[in-house]
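Notes follow once the structure below has been shown.
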Amino acid sequence: MDPAGTDDDVEWKDRTMVGARRRTSRRSLRRALISSALAAAATLALAPGAWAHGGDGETKEGYVLVQQALGYLAHDGASGSDAAMEKVDDALATTDQEGVDVALVQQADDALKAGDVGAAQDLLQKSIAAAVSSLKPAVGEDTGTSTVPSDLPGRGPLTRLDWALLAISALIAAIGAGLAVRLRPEDTIRALRARLGESARLTDQAQEVGLR
Numbered sequence: 017m018d019p020a021g022t023d024d025d026v027e028w029k030d031r032t033m034v035g036a037r038r039r040t041s042r043r044s045l046r047r048a049l050i051s052s053a054l055a056a057a058a059t060l061a062l063a064p065g066a067w068a069h070g071g072d073g074e075t076k077e078g079y080v081l082v083q084q085a086l087g088y089l090a091h092d093g094a095s096g097s098d099a100a101m102e103k104v105d106d107a108l109a110t111t112d113q114e115g116v117d118v119a120l121v122q123q124a125d126d127a128l129k130a131g132d133v134g135a136a137q138d139l140l141q142k143s144i145a146a147a148v149s150s151l152k153p154a155v156g157e158d159t160g161t162s163t164v165p166s167d168l169p170g171r172g173p174l175t176r177l178d179w180a181l182l183a184i185s186a187l188i189a190a191i192g193a194g195l196a197v198r199l200r201p202e203d204t205i206r207a208l209r210a211r212l213g214e215s216a217r218l219t220d221q222a223q224e225v226g227l228r
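Have a look at this one:
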C-alpha cells in the first residue's frame with residue numbers, strides 16, 4: 017500500500033470535513049441573522065402602534081384639536097382631510113371646548129365630509145378666532161428667541177419605543193455573542209500549524225520511501 021496515497025486520502029477527508037463544517041456554520045449563521053432581522057422588524061412595527069394606542073400624549077383640549085386639524089389642512093391640503101376630520105370629531109366629542117365655537121366646528125365637519133377643504137379651513141379658523149385674539153403677546157422667555165433660560169429641562173422618561181429599541185439592541189448583542197462562541201474555529205492556529213507540519217513530515221517520509 018502506497019503511504020503517499022494514504023496521506024492524500026487523509027488530507028482529502030480532512031478538507032471535506034472542514035468544508036462541511038463551514039457550510040453548516042454558514043447556514044446556521046444565515047438562519048440566525050434572518051430570524052434576528054424578522055424579530056427586530058416585527059418589534060419596530062408593533063412598538064409605535066402600541067405607543068400610539070396606549071400612550072397618554074393625545075390632548076383632550078378642543079382648542080388644540082382644532083389647531084391640529086388646521087395644521088393637517090395647511091400642510092397636506094385635501095390629502096390631509098381624513099386626519100383633519102378625525103381631529104374635528106375629537107374636538108366635537110371632548111368636554112373641554114373652551115375658546116371654541118362649536119357650531120362653526122360642526123359646520124367645518126360638514127364641509128370636510130362634503131369635500132370642501134377651503135370652506136372647512138375658513139370655518140375652523142373662525143371657530144377659534146376669539147380665543148386667538150384674546151391671547152396675550154409673548155414676552156421674555158415666552159418668545160423663545162431673545163431670552164434663554166439658564167436651566168434646560170432634562171430628558172423625560174423612556175417611552176415604549178425607547179424600551180423596544182433597547183430590547184432589540186440587547187437581543188442582537190446576545191445573538192452576536194452566541195454566534196461568536198458557536199462559530200469559532202474548532203482548532204487554534206497553533207494546532208493547525210502543528211497539523212500542517214505533521215502532514216509535511218509524513219509527505220517527506222513517503223517520498224523518501226518511494227525513492228528507496
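Residue 161 in my numbering sits at position 145 of the sequence shown; the count goes up by one each step and never skips. Every residue, glycine too, gets a C-beta built ideally from N, C-alpha and C.
Next on the checklist: Considering only heavy atoms of the ligand NAD, does any lie closer than 8 Å to the CB of lysine 129?
Outcome noted: Ligands are entirely absent from the displayed structure, and the ligand NAD is therefore not among its contents.
Item to check | Close Cβ partners of leucine 120 (< 8 Å) along its chain, the five nearest in sequence each way excluded | outcome: Leu139, Leu140, Lys142 and Ser143
Checklist entry - What separation, rounded to the nearest whole angstrom, lies between the Cα atoms of glycine 87 and valine 104? => result 12 Å
Checklist entry - At what residues does the alpha helix (DSSP H) containing valine 118 begin and finish? => result 118-129
Checklist entry - DSSP puts glutamate 77 in a beta bridge; with which residues? => result Asp112.
Next on the checklist: DSSP three-state label for arginine 198, please.
Outcome noted: helix
Checklist entry - How would you label leucine 182, buried or exposed, when you count the other beta carbons within 10 angstroms and need 16 or more for buried? => result exposed
Item to check | the region 108-116 contacting the region 91-100, beta-carbon criterion three pairs below 8 Å | outcome: At 8 Å Cβ cutoff, the stretches do not touch.
Checklist entry - Can you tell me where the alpha helix (DSSP H) with glycine 134 in it begins and where it stops? => result Per DSSP, glycine 134 belongs to the alpha helix (DSSP H) from 133-143.
Next on the checklist: Which of the three DSSP states is assigned to arginine 171 in this structure?
Outcome noted: coil
Checklist entry - aspartate 126 to serine 97, Cα distance in whole Å? => result If I take the Cα positions, the gap works out to 12 Å.
Next on the checklist: Assuming contact is defined by CB atoms lying nearer than 9 Å, are alanine 147 and glutamate 114 in contact in what I supplied?
Outcome noted: Taking 9 Å as the Cβ cut-off, alanine 147 and glutamate 114 qualify as a contacting pair.
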